[in-house]
Amino acid sequence: MSLSELQSRQLAPSLEVGGLHALAGQGLAQRLPASHGNQLLGLDVWAGTSAAERVLGGNAAALPGGGAHLDQVVGHILAPLG
Amino acid sequence: MSAQLQPLAAPLLETTRRLIGALQHEPSVEMRLALAKRLVRQLGDEAYPVFLKILLIVAESEDSAAKQLIADLLAAAARRMDLPSGPLSAWGGSSGDGAGFAPPGRRRLLGPIEYLTVWHCQQTQRPMLEEALYADAVRKLLALFDLNPELRELYAGKLGSDAGGELEGTYTRDTRDILNRMAQRWRKPESTPDEVVRAALRGDAPDAPVPPGWIVHRL
Chain X
1 MSLSELQSRQ
11 LAPSLEVGGL
21 HALAGQGLAQ
31 RLPASHGNQL
41 LGLDVWAGTS
51 AAERVLGGNA
61 AALPGGGAHL
71 DQVVGHILAP
81 LG
Chain D
83 MSAQLQPLAA
93 PLLETTRRLI
103 GALQHEPSVE
113 MRLALAKRLV
123 RQLGDEAYPV
133 FLKILLIVAE
143 SEDSAAKQLI
153 ADLLAAAARR
163 MDLPSGPLSA
173 WGGSSGDGAG
183 FAPPGRRRLL
193 GPIEYLTVWH
203 CQQTQRPMLE
213 EALYADAVRK
223 LLALFDLNPE
233 LRELYAGKLG
243 SDAGGELEGT
253 YTRDTRDILN
263 RMAQRWRKPE
273 STPDEVVRAA
283 LRGDAPDAPV
293 PPGWIVHRL
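If you read the sequences in order, they're chains X and D.
So the first sequence is numbered by this note's numbering: it starts at 1 and just counts up by one.
So the second sequence is numbered by this note's numbering: it starts at 83 and just counts up by one.
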């Protein structure tokens with residue numbers, strides 16, 4: 001299967017994120033100049049959390065039902081980064 | 083050191099959670115791969131370290147299912163020789179701000195380990211990555227990748243092949259040496275991520291005592 005085919009396919013029904021735009025990540029490069037790369041890797045995002053809190057799956061912000069295209073899902077994932 | 087970026091911590095964590103959630107809901111490996119690659123593309127060339135940071139957040143988590151998911155995803159990508167990659171300027175290109183940037187055509191796409199190693203060893207469009215951060219990041223990524231034996235085998239083989247190949251203008255001798263030592267050590271089944279990183283950076287020779295007052299440079 002080619003990527004172009006994938007692009008036109010819809011994701012599994014549970015990944016509906018209608019209404020979210022697909023360009024959420026585009027501003028990030030401007031807000032993250034090259035000189036901040038070192039700092040980014042050194043950033044402790046888990047600071048102050050217990051081991052039990054260091055989980056990632058199962059509680060992601062709503063991924064409601066229905067079909068969604070790849071760009072919509074990626075837009076949803078990157079939305080927190082503005 | 084990271085106080086300036088501290089406001090990004092919560093959004094990065096939420097983004098990582100959303101990525102894991104989306105991957106867990108998608109049954110098709112092809113679609114998972116396409117999703118990861120689209121994410122990298124949408125972040126943009128200069129923000130590839132954000133993708134690396136997402137991998138590190140997963141590696142630092144206590145979520146074994148999420149870790150296995152990412153390791154398996156990258157194994158599938160490695161099988162296709164299609165790891166999500168980011169561009170760094172070729173070492174022949176000059177570095178610094180503004181006019182010194184290598185033109186986009188001279189940039190090479192690099193997988194996570196290669197990207198970090200070139201970032202650490204070579205003059206690129208980015209200020210060089212400090213050794214402590216490099217070692218820490220690679221150690222965590224290796225531990226993550228070790229969760230899938232096929233990924234470990236394929237990726238170690240690729241690094242060895244890259245180091246021994248003649249990808250003109252991509253790697254300096256120092257980078258090749260590090261990648262080669264890393265590949266050799268990583269191929270040994272019993273080696274730990276810590277040992278692999280130590281071998282990559284220092285070689286396997288025992289540390290000779292340094293006379294007082296001497297300053298030793300790695301050449």
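Backbone N, C-alpha and C fix where the C-beta goes; we use that ideal spot for every residue, glycine too.
All figures in this text were calculated on a predicted structure; none of them were measured in a lab.
* Residues from the stretch 85-111 of chain D in contact with chain X, defined by Cβ distance under 8 Å -> Gln-86, Leu-87, Gln-88, Leu-90, Ala-91, Ala-92, Pro-93, Leu-94, Leu-95, Glu-96, Thr-97, Thr-98, Arg-99, Arg-100, Leu-101, Ile-102, Gly-103, Ala-104, Gln-106, His-107, Glu-108, Pro-109, Ser-110
* Would you tell me roughly how many angstroms separate the C-alpha atoms of Pro-169(D) and Asp-228(D), rounded to the nearest one? => 25 Å
* Asked: What separation, rounded to the nearest whole angstrom, lies between the Cα atoms of Arg-269(D) and Val-279(D)?
  -> 13 Å
* **Stretch pair the stretch 146-155 of chain D + the stretch 205-220 of chain D: three plus CB contacts closer than 8 Å** => no
* Limits of the alpha helix (DSSP H) - the one that Gly-75(X) falls within -> 70-78
* **Beta carbon proximity, Pro-231(D) to chain X, threshold 8 Å** => no
* DSSP three-state assignment for Phe-183(D), whether helix, strand or coil -> With a pLDDT of 46 at Phe-183(D), under the threshold of 50, the predicted position of this residue should be treated as unreliable, and no value is reported.
* To do: Would you mind reading off the limits of the alpha helix (DSSP H) that contains Pro-194(D)?
  => 194-203
* Within the 8 Å Cβ cut-off, does Gln-124(D) reach chain X? -> yes
* Quick one: what does DSSP say Ser-243(D) is sitting in, helix, strand or coil? -> helix
* To do: Please report the Cβ distance between Pro-275(D) and Leu-224(D), rounded to the nearest whole angstrom; I am assuming they are in contact, meaning their Cβ atoms lie under 8 Å.
  => 4 Å
* Under 8 Å between beta-carbons, which chain A residues line up against Ser-171(D)? List them in chain order, please. => In the structure shown, chain A cannot be found, because the protein chains are X and D.
* **C-beta contact flag for Ala-153(D) and Asn-262(D) at 8 Å** => no
* To do: Starting from Gly-168(D), trace the beta strand (DSSP E) both ways and give me its first and last residue.
  => 168-171
* To do: Please confirm if the stretch 89-98 of chain D is in contact with the stretch 133-145 of chain D, defined as three or more CB-CB distances below 8 Å between the two stretches.
  => yes
* Alpha carbon of Ile-102(D) to alpha carbon of Leu-56(X), nearest angstrom -> 7 Å
* Asked: Taking the DSSP output, what are the residues bridged to Leu-191(D)?
  -> Pro-169(D)
* Alpha-carbon to alpha-carbon, Phe-133(D) and Gly-48(X) -> 23 Å
* To do: Would you grab the beta carbon distance between Asn-38(X) and Leu-125(D) for me? Rounded to a whole angstrom, and I think it's under 8 Å.
  => Rounded, the Cβ-Cβ distance is 18 Å, inconsistent with contact.
* In or out: Arg-267(D) buried (at least 16 other Cβ within 10 Å) or exposed? -> buried
* To do: Determine the DSSP secondary structure at Arg-208(D), reduced to helix, strand or coil.
  => coil
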